[in-house]
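Below: the structure, in C-alpha cells.
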Amino acid sequence: MTKLAGLMSNGWVRMPLGMLATAAASLLAFHAGQDIAGTVFSNSTAEAAPIVTAAADPANPANPAAMTPAVAAPKPADSPFVVKSILPINEPIKFGKFYWDESRAPATGPLVVTVDLTARVISVFRDGHEIGAAAILKGYGEKPTPTGVFPITQKDADHISNIYDAPMPYMMRLTDDGVAIHGSKVEKGYATNGCVGVPDDFAAKLFAQAKLGDKVII
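Numbers in the working numbering are just positions in the sequence shown, counted from 1, shifted up by 962.
Structure below.
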C-alpha cells in the first residue's frame, strides 16, 4: 500500500491505495504520489480488448418491492471530505476480492464512496473511516466510467437490465443515462459499459449502508 501524507483539516492523514480524496470546492478526487496501477494490481496488464459486461439501464426490476424509486436525491454536501482512518490492507487487492471491517468506525456518520479508476479500487468511508475496499470493473473505450461527484439517486436490489436482459444485483444509480455501482463477476480481462462493477457480496454490504443522496467521488 502506498503511504501518502496530506494536510487535511487539523492533522496529517494517510490516504488509502494512492487516492487523495478531498471535496473542498468542487469535491473532485485526485491522485497523488507514485503511479499505483502496478502497485495495487502488480500482476495485471492493460487489457487491449476487455470483455464488456452489461451496464445498468432503466428497467422494471424483477422484484418491484426491492426497488427504491428514482427520486430527486439531495445534492451532495459541499463540506470537505476528510479521511480519518483506513483499513490495514498490506497487499494488493485481487480481482473478485474485498475487505470489510466496521470495527474501527463509529456506528453512524455520513457515508462517502471513492472510486480510483487508475488503481481500479473502490473504498467506502463512514464518518471519514474506511470500512470497505474492493477491486472493481470499469468502463473502457467509447463507454468509459465518468469522473466527478455523484449522488446515489436510486437503489434496486434485484435490478434486471431491459437492454441486456442481465441481472445487476444491488444496483445504486449514479447518472440519468444508467451509470451505476452494482454487483458483478469481477475478473481480470472484463469491463463494463461505464458502470462500476464490484463483487456481489461487497455490493450487498454497500447497498445495506448507502442511502439516496450519499456521495460517490470518482
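Cβ atoms here follow ideal geometry from the backbone N, Cα and C, with glycine treated the same way.
As the structure is a prediction and not an experimental result, all values here were calculated from the model.
Beta-carbon contacts of residue i that lie in its chain and below 6 Å, excluding the five residues immediately before and after
i       : result
Gly1094 : Trp1062 and Val1086
Asp1139 : none
Backbone secondary structure at residue i - three-state DSSP
i       : result
Ile1180 : coil
Asp1139 : coil
Asp1089 : coil
Asp1078 : strand
Ala1119 : strand
Ala1067 : coil
Phe1057 : coil
Leu1073 : strand
Gly1000 : Note that Gly1000 has pLDDT 33, beneath the 50 cutoff, so the model's placement of it is unreliable and no number is given.
Pro1026 : Confidence at Pro1026 is low in this model, with a pLDDT of 45, below 50, so the placement of that residue should be treated as unreliable; the coordinate-derived value is given next. Reduced to three states, the DSSP call for Pro1026 is helix.
Tyr1102 : coil
Thr1158 : Looking at the sequence shown, residue 1158 is not Thr but Val. In the structure shown, Val1158 sits in a strand (DSSP, three-state: E or B).
Val1044 : coil
Tyr1126 : coil
Cutoff 8 Å; reference residue i; Cβ partners in own chain excluding five residues on either side
i       : result
Ala1172 : Leu1073, Val1075, Ile1114, Lys1117 and Met1134
Ser1004 : Only weak support is given to the placement of Ser1004: the predicted model assigns it a pLDDT of 35, under 50, and the value that follows is read from those uncertain coordinates. Taken in chain order, the residues that qualify are Pro1054.
Neighbourhood of residue i by C-beta distance below 7 Å, restricted to the same chain and skipping five residues each side
i       : result
Pro1050 : none
Arg1066 : Ser1047 and His1091
Selection from the options that minimises the alpha carbon distance to residue i
i       : options                               : result
Ala1119 : Val1044, Tyr1132 and Thr1109          : Tyr1132
Ile1180 : Gly1151, Ala1170, Gly1156 and Gly1058 : Gly1156
Pro1129 : Ser1065, Ala1067 and Gly1159          : Gly1159
Ala1096 : Val1178, Lys1177, Pro1161 and Ala1170 : Pro1161
Phe1057 : Thr1070, Ser1065, Ile1084 and Lys1177 : Ile1084
Gly1103 : Tyr1152, Asp1078 and Gly1071          : Tyr1152
Pro1068 : Asp1089, Pro1106 and Gly1110          : Asp1089
Run of the alpha helix (DSSP H) containing residue i, from where it starts to where it stops
i       : result
Phe1112 : Note, Phe1112: premise wrong, no alpha helix (DSSP H); beta strand (DSSP E) at Val1111 to Pro1113.
Ala1166 : Asp1162 to Gln1171
**OP:** Flag this pair as touching only if the stretch 1139-1146 and the stretch 1164-1171 have three or more C-beta atom pairs under 8 Å; answer yes or no.
**Re:** yes
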